[in-house]
Amino acid sequence: MRFTVPQFIEYETKLIGPLSFKQFLFIGAAGVVCIVIFFTIGKTNFFLFLVLLIITLGVGVSLAFLKIGGRGLPTVLANFIRFSFGSKFYIWQRKGALVTFSKEMEIKKEPKNGKPFLKTTKASRLKKMRTKLETKTK
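Adding 193 to a residue's 1-based position in the sequence shown gives its number in this note's numbering.
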């Protein structure tokens, strides 16, 4: 491979103009709800219609575009509901087979001059490891 490409890229495909499909669905659903509200309430009570219109469009636009902590509002709301109604008490249970470790002693030979043998490297491997993690290469 000639070039290393970072793997941590977050991108959604734009299908309908500048909107992704999910954003289009949220805004479209809010628009349909506003049309239904107009034909049911809008002709009799226009002020109530405007209040409901602002609330409905605000919810639709915030569901489509608002991000909290790098996550979309639908994901944040789903996590909140799952946490609120889910179990808060977790008892750890081991899953899978037990892993056993056996200790093997390796005898290192000292050099003949009596000094202990030390491994030294010319440069730190931290930069190389960081590049490997970012590009997920071996």
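C-beta atoms are modelled at their ideal positions from N, C-alpha and C, and glycine is treated no differently.
Practice problem: Quick one: grab the DSSP three-state call for residue 325. | Solution: helix
Self-check item: Sequence ranges, alpha helix (DSSP H) only - wholly within the segment 207-284, length at least 4
Solution: 214-230, 239-258, 266-278
Quiz item: Cα separation between residue 262 and residue 254?
Solution: 18 Å
Self-check item: Coarse secondary structure for residue 320, derived from DSSP in three states
Solution: helix
Exercise. Taking the CB atoms as reference points, tell me whether residue 242 and residue 230 lie closer together than 8 Å.
Key: yes
Quiz item: When you compare each of 199, 329, 200, 215 to residue 206 by their alpha carbons, which one comes out closest?
Solution: The closest CA to that of residue 206, considering only 199, 329, 200, 215, is found on 215.
Quiz item: Using the C-alpha atoms, what's the distance from residue 318 back to residue 288?
Solution: Here the alpha carbons of residue 318 and residue 288 stand approximately 35 Å from one another.
Practice problem: Determine the contact status of residue 257 and residue 219, defining contact as a CB-CB distance below 8 Å. | Solution: yes
Exercise. Compute the minimum distance between the beta carbon of residue 214 and the heavy atoms of the ligand NAD, and state whether it is under 7 Å.
Key: In terms of ligand content, the structure shown is empty, and the ligand NAD therefore cannot be addressed.
Exercise. Might you give, ordered along the chain, the residues of its own chain that have their beta carbon closer than 6 Å to the beta carbon of residue 249, omitting 5 neighbours on each side?
Key: 223, 226, 227
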